[in-house]
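Following: one structure in structure tokens, then a few remarks.
Residue numbers (the working numbering), protein chains in the order written: chain Y, -10 to 480; chain U, -10 to 480.
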């Protein structure tokens, strides 16, 4: 970085420039909302202005944004949120009793019975209790302590907070953070922002993006030469890769973390998004406790969840939580202090999270409709996951692993040598060149694989499977057509 | 800081400890939710368990949390939020047409017409347009560009983001940030967290906490010896000190910022909270533009606003915005990239902000009731500001400046020498000792002045003026009684 001039010598020009701004921020990259999305928005504006294009709308399959893709909110959730927002509606006979009961309970836990009051910084107590009970049910009765639950502004907020706690040292003692490649770029962005060191471990595309402990070991051993590895991040089900980890694999990872004295970060925001026959979500916490006290009383871990994914897809509310396990009590006090500076997570998001972890029960009036809405969303996603794999794999040059879970496909694409050369001439990654062409030709916005990391010499893109089934078919077919055209064009 | 051991040598004990965690985080302090508030919560639990105390409830006057103190939300705002949460209510005849119109407009700007979709990272476009128009009206027509508006998760989020952009350098070239003393501790906490250097300038208590440019210059000149001063933070109306800056003072500050090549951060979240005869809110932007192009085209600035304060007091929604002025376009692109990593501010908070900047108009059905609710809140606050000053100043040993604006009083208290010695014996700041005793004896939770910074040898506390008038009188009287008792006890 260039050093800013001291003592007012550089009083010409701006105070804050690209050259003297925070150099870590400059290194941050976040492809999910990067240049391709900005171009997509520009094209949308051009379409509005009447500019002629080979398509009439831009389909943004770059981000896991369910409602934007037409998924409807869960009625019960929104009824409770309306009641919380405007409690006069508690007198309205059109709202079901269970919705009113939930709203009343949330309001009773808010200062002045208003979701407009700050909550405690760790989150509303009754919501944390409900989260703890949800985790206990999910994990077959393994105890969860509400004091270990921190509500957050989406999962991102909690992930950044934990990475911040863990970052220290300089030069060779700088904190190293193990992240999967391909990864969700929040991780690489936060590592850059904090000035920590990224340690990349590669998922095995040939084995459906599975995680191999030998690869963890290779990455760790190499990293020990130049940093202090302290954290191992896992995304399960995988983003962008859509794999669901086996129980055996999770055990191996936990054993590795213990041996190598690593703090585990388990990003489990897609825990309800499991589609493939034979795949099942195993929480890291459950497996940890099943491995016995030697592990369950020692391995330090944080697990993250969110209201943005699964069947609810409520991204805009920025709700989420983390559970911390085996965290040093003194560090926990520091964590509580740190989150208090931002006062509290958004209370509507906390209310929504409460409904996710405490949904209608069989004896309650909203149960049937809630279950139907939930099941329909998840069934449609499973069907779309299947369709995506099937259609992509019909085209030579596109190879697509099964979408076992989460909301994305990350197919590998073969690019002609001429296209690779052309891209490099234009100063672009070859898959960015490909995705930009796709956007211009077909109006489909994807994210190039280079934004997530990939093995040198391989190319991919990430696409959400969220568009409605009919539209998804069209999208898939257009991409396949485009791929064939692109391959010819540059052969 | 102690260096963590490398290469797994320290495999005994925790991965993450107080000794090897992020040392900047350890330095963070945030008194508004510090130890005294934790003790207050403990006392509340004890009261619930039936423990006898000299009081029956804890009154938390530590934080500007209007709804928690019984202030009712603005009906119109909450109607629109309910409509946005559960759009089926758009068919309900009990909702006024203007509320429906606002809700429909917001929903139309959301992906999939749902506040559950992510917005763009900078915030919903129509909300940013409304913010820009609000600023133009406020500032007598000075243009505001929606591209310069960034919506945020409360004002805190935006303040942290700007400070992050500005932080760079090492040792003597480290970024220096000028902050007032007393200050709102978000500033000192963020400076510590970022590893920047705090440059304290003192407000003049004897002149109603006014800001003197000579003092800015003193602080700056001293700081130039050991850091690179780049930022000047102003809080107007003042938190915790309740002063409202004169137009002349703002001009002087702007001139100083230009001369000294400083980036201006104007925390203007209390812009509607002005009570004192002769006081008026002048926005930094308006004054900047009135000073002519020599200033308005050069001085870099960010101004912050929030839904949490003023007459709405909607803290839980975490809504806010900042306007950046004269920011280098390349830096602005970096800012946009940085905020995209966190995806978007909470959409319900964005919707609420839209209503704050685009409230009911005289020809709309909700206008009269909206204006009445707004006026009543602000009139009650003005009355409480007056009462607070009047009652405190009746007691020898409490000296209270007029509460010209904002939501707090920061009176100076004279503490007996014996109390100061006793506090030091117990390892506490004397005003913390005082506030803790007040909490134990009277059940009133205040924040000691030491949490905000104060001149060496002086003592204060911060109290919100938000309790309902009747309750506020009781609180004030109890504090006065306590002060007299405390003075005797330690004489």
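We treat Cβ as the ideally placed atom computed from N, Cα and C, and that holds for glycine.
For a cutoff of 7 Å on Cβ pairs, would you count residue i as touching chain Y?
i, result
"residue 551/U", "Summary: the structure shown does not reach residue 551/U, with chain U confined to residues -10 through 480, and so no result is reported for it."
"residue 104/U", "yes"
"residue 493/U", "The requested residue 493/U is not part of the displayed model; chain U covers only -10 to 480."
"residue 250/U", "yes"
"residue 165/U", "no"
"residue 156/U", "yes"
"residue 426/U", "no"
"residue 229/U", "no"
"residue 439/U", "no"
"residue 107/U", "yes"
"residue 178/U", "yes"
"residue 153/U", "yes"
"residue 435/U", "no"
"residue 235/U", "no"
Let me confirm a value: residue i is counted as buried when at least 16 other C-beta atoms fall within 10 Å, else exposed. Which label applies?
i, result
"residue 360/Y", "exposed"
"residue 322/U", "exposed"
"residue 364/U", "exposed"
"residue 415/U", "exposed"
"residue -7/U", "Because the pLDDT of residue -7/U is 42, which lies under 50, any placement of that residue in the model is unreliable, and the question is left without a value."
"residue 451/U", "buried"
"residue 56/Y", "buried"
"residue 39/U", "exposed"
"residue 269/Y", "exposed"
"residue -9/U", "The predicted model places residue -9/U with a pLDDT of 39, which falls under 50 and marks its position as unreliable; any figure quoted below should be read in that light. Looking at its Cβ environment, which holds fewer than 16 other Cβ atoms inside 10 Å, residue -9/U is exposed."
"residue 271/Y", "buried"
"residue 161/U", "exposed"
"residue 350/Y", "exposed"
"residue 470/Y", "exposed"
"residue 82/U", "exposed"
"residue 62/U", "buried"
"residue 406/U", "exposed"
Pull up the CB-CB distance for residue i and residue j, whole angstroms please, since I reckon it's below 8 Å.
i, j, result
"residue 444/U", "residue 191/U", "6 Å"
"residue 309/U", "residue 143/U", "5 Å"
"residue 36/U", "residue 73/U", "That belief does not hold up - the Cβ atoms of residue 36/U and residue 73/U are roughly 38 Å apart, past 8 Å."
"residue 481/Y", "residue 307/U", "Outside the shown range of chain Y (-10 to 480) lies residue 481/Y, about which nothing can therefore be said."
"residue 21/Y", "residue 436/Y", "6 Å"
"residue 465/U", "residue 381/U", "7 Å"
"residue 48/Y", "residue 394/Y", "Contact doesn't hold; Cβ gap of about 23 Å is too wide."
"residue 75/U", "residue 92/Y", "Incorrect: roughly 11 Å between the Cβ atoms, too far for contact."
"residue 4/Y", "residue 219/U", "6 Å"
"residue 475/U", "residue 426/U", "6 Å"
What are the residues that DSSP puts in a beta bridge with residue i?
i, result
"residue 88/Y", "None; residue 88/Y has no bridge partner."
"residue 291/U", "254/U, 313/U"
"residue 139/U", "311/U"
"residue 450/U", "437/U"
"residue 481/Y", "This structure does not reach residue 481/Y, given that chain Y is present from -10 up to 480, and the question cannot be answered."
"residue 397/U", "453/U"
"residue 402/Y", "387/Y"
"residue 48/U", "433/U"
"residue 263/U", "394/U"
"residue 193/U", "199/U"
Against chain U, with Cβ distances strictly below 7 Å, would residue i count as a contact?
i, result
"residue 467/Y", "no"
"residue 464/Y", "no"
"residue 56/Y", "yes"
"residue 100/Y", "yes"
"residue 4/Y", "yes"
"residue 145/Y", "yes"
"residue 342/Y", "no"
"residue 59/Y", "yes"
- Give the residues from the stretch 289 to 318 of chain Y that approach chain U closer than 9 Å (Cβ to any Cβ), ordered along the chain. The residues in question are 289, 296, 297, 301, 302, 303, 304, 305, 306, 307, 308, 315, 316, 317.
- Item | Residues of the stretch 404 to 417 of chain U with Cβ closer than 7 Å to any Cβ of chain Y, in chain order | Cβ contacts with chain Y come from no residue of the stretch 404 to 417 of chain U.
- Using a Cβ-Cβ cut-off of less than 7 Å, list which residues of the stretch 71 to 93 of chain U approach chain Y; keep chain order. The residues in question are 71, 74, 75, 78.
- Interfacial residues, the stretch 8 to 19 of chain U to chain Y, with Cβ spacing under 7 Å: Among the residues of the stretch 8 to 19 of chain U, those with a Cβ less than 7 Å away from any Cβ of chain Y are 9, 10, 11, 12, 14, 15, 17, 19, in the order of the chain.
- Message: Short of 8 Å Cβ to Cβ, which residues in the stretch 190 to 211 of chain Y face chain U?
- Response: Listed by position, the residues of the stretch 190 to 211 of chain Y near chain U (Cβ gap below 8 Å) amount to none.
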